[in-house]
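Visitor: Residue 124 in UniProt numbering is what sits at position 124 of the sequence shown, and the numbering runs on without skipping anything.
Every residue, glycine too, gets a C-beta built ideally from N, C-alpha and C.
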Amino acid sequence: MIGFSETAKCQAMKKIFDDAYKSQLSCVVVDDIERLLDYVPIGPRFSNLVLQALLVLLKKAPPQGRKLLIIGTTSRKDVLQEMEMLNAFSTTIHVPNIATGEQLLEALELLGNFKDKERTTIAQQVKGKKVWIGIK
């Protein structure tokens, strides 16, 4: 939603949720929530209009006979806690960063996007080293 005004963001979010309610089973992913809210740690500043609209959408029960799974991602859980947004989710799952070369290789293998030769090359380069890679 780059370049959207606050009002345009709210309208787009409402449309996404309205469209999701049209199906019996739907999933909405709200990725990088703090960016959607234009959060800036200096100040701190954020869009209260977008925050309030998102909170209403997250807390609204789907129509009868419909089910909606909402997945939200953030790299700033503390910010969502301060904004009282964590309460809108029933579960919080911490996904730790990849910290070792072995963990990286396991993730690459699970992804299935790398050939054996490519994974071997990466394994040689990260062997015994610490890495710090976020996973989504």
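Look up Asn131 in the DSSP assignment and give the residues it is bridged to.
Guide: The question names Asn, but residue 131 is Val in the sequence shown. In DSSP, Val131 forms no bridge with anything.
Visitor: Three-state secondary structure (DSSP) at Thr92?
Guide: Correct three-state label for Thr92: coil.
Visitor: In chain order, what residues of the same chain lie with their CB nearer than 8 Å to the CB of Ala123, ignoring the 5 residues before and after it?
Guide: Result list for Ala123: Gly101, Leu105, in chain order.
Visitor: Is it true that the stretch 70–85 meets the stretch 105–120, where meeting means three or more beta-carbon pairs spaced less than 8 Å apart?
Guide: The stretch 70–85 vs the stretch 105–120: no contact.
Visitor: Does DSSP classify Gly101 as helix, strand or coil?
Guide: Helix at Gly101.
Visitor: Give the straight-line distance between the Cα atoms of Gly43 and Arg35, rounded to the nearest whole angstrom.
Guide: Answer to the nearest angstrom: the Cα atoms are 15 Å apart.
Visitor: Note down, one range per segment and in chain order, each alpha helix (DSSP H) of at least 4 residues found wholly within the stretch 42–84.
Guide: As far as the stretch 42–84 is concerned, its whole alpha helix (DSSP H) runs of at least 4 residues are 48–59, 77–82.
Visitor: Strictly under 7 Å for the Cβ-Cβ distance: is Leu105 near chain B by that measure?
Guide: Protein chains in the displayed structure number just one, and chain B is not present.
Visitor: What do you get for Thr73, buried or exposed, if any count of 16 or more other CB atoms within 10 angstroms of its CB means buried?
Guide: With fewer than 16 other Cβ atoms within 10 Å, it is exposed.
Visitor: Using the beta-carbon count (16 or more within 10 Å), is Ala53 buried or exposed?
Guide: Buried.
Visitor: How should Val50 be labelled, buried or exposed, when 16 other C-beta atoms within 10 angstroms of its C-beta is the threshold for buried?
Guide: That one is buried.
Visitor: Determine the closest residue to Gly65 out of Leu57, Ser26, Ser90, with distance taken between C-alpha atoms.
Guide: Ranking Leu57, Ser26, Ser90 by Cα distance to Gly65 puts Ser26 first.
Visitor: Where Asp31 and Ile71 are concerned, what is the direct C-alpha to C-alpha distance, given to the nearest angstrom?
Guide: Rounded to whole angstroms, Asp31 to Ile71 spans 8 Å at the Cα level.
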